[in-house]
Structures are given as C-alpha cells and as structure tokens.
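Note sheet for the following structure.
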Amino acid sequence: MNARVLFAVPLVLLAFAGRGEPVRTPVPDARPVLLAALQSADGTAHGVLAGELAGAIRGHFRASSPVYIDVTTARRYAQAGCSRLTVLFWQDGVHLPGAAAPRRQSIEFGIDYCLDGLPPRSRS
Numbered sequence: 116m117n118a119r120v121l122f123a124v125p126l127v128l129l130a131f132a133g134r135g136e137p138v139r140t141p142v143p144d145a146r147p148v149l150l151a152a153l154q155s156a157d158g159t160a161h162g163v164l165a166g167e168l169a170g171a172i173r174g175h176f177r178a179s180s181p182v183y184i185d186v187t188t189a190r191r192y193a194q195a196g197c198s199r200l201t202v203l204f205w206q207d208g209v210h211l212p213g214a215a216a217p218r219r220q221s222i223e224f225g226i227d228y229c230l231d232g233l234p235p236r237s238r239s
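Quick note on my numbering: the sequence shown kicks off at 116 and runs consecutively.
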C-alpha cells in the first residue's frame, strides 16, 4: 500500500485538531501508528482502525465507536529509530456477554519497536 495513502489525513479529522482532540489517521493496523510515534518529536501518535478488521471488531462487539489506537513513547533507546512504546487500543459502547450495559473496553501493552519493524538490538 502506498505510504502517502496510509499517512493521509482526511480534512474532517483536521477539524478536531484545534479542539484539543488528537488527529487520528485511519489505518488498517497498528503499524503506521507505531512508526508515526517513533518519528514524532513528542513521541506520540494516534490512529483509528479502518477497513475489514475494524468492521469485524465493531460488528462482533456491537460497539458504538471505532477502535482507537494511541501510542506514546515510554523510552527512547540509544539505537536510532528505536523506542519502548506504550500502545493503547480502546473502543466505546462495547457489548460484552453478561454485562448489564455497553462500556468502554481497552487493552494496553508495551513493545520495543524500531523503524525497520524489528526490536532493538540492545535496550540501552
């Protein structure tokens, strides 16, 4: 897929930038958001899952919102282009079996990641 397409930001998303809301780039998976965080001056990036996977997740949980992705840099490593990233996926209005009402669900994890898609050779 063309990198320009992956990082293109629709005009509708730019409207939220001035309101304190992060600009969220539509992405087919988390990788473009991880790369954007590695290249960001402040170490953060935000995305919204789009495409078939997003539709399947939203439909399965009958959720009221898309799947959002927030990435922050926990630590930059000495190896250029490598960091420890904190990745948060979240979605509002998720219907879980046995739950009385829909709610926000999230999952957060850390990953050592580099611009080449590999983990760093060293964590120092």
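Ideal placement from N, C-alpha and C gives every residue a C-beta, glycine not left out.
Beta-carbon spacing of residue i, residue j below 7 angstroms
{"i": "residue 195", "j": "residue 182", "result": "no"}
{"i": "residue 160", "j": "residue 152", "result": "yes"}
{"i": "residue 145", "j": "residue 184", "result": "yes"}
{"i": "residue 142", "j": "residue 162", "result": "yes"}
{"i": "residue 235", "j": "residue 192", "result": "yes"}
{"i": "residue 208", "j": "residue 217", "result": "yes"}
Rounded distance between the beta-carbons of residue j and residue i, thought under 8 angstroms
{"i": "residue 149", "j": "residue 186", "result": "6 angstroms"}
{"i": "residue 189", "j": "residue 199", "result": "4 angstroms"}
{"i": "residue 203", "j": "residue 180", "result": "About 14 angstroms separates the two Cβ atoms, so there is no contact after all."}
{"i": "residue 223", "j": "residue 201", "result": "7 angstroms"}
Opening and closing residue of the alpha helix (DSSP H) in which residue i lies
{"i": "residue 147", "result": "146–154"}
{"i": "residue 167", "result": "167–176"}
Segment limits, beta strand (DSSP E) that includes residue i
{"i": "residue 190", "result": "183–191"}
{"i": "residue 221", "result": "218–229"}
{"i": "residue 161", "result": "159–164"}
{"i": "residue 208", "result": "197–209"}
{"i": "residue 141", "result": "140–142"}
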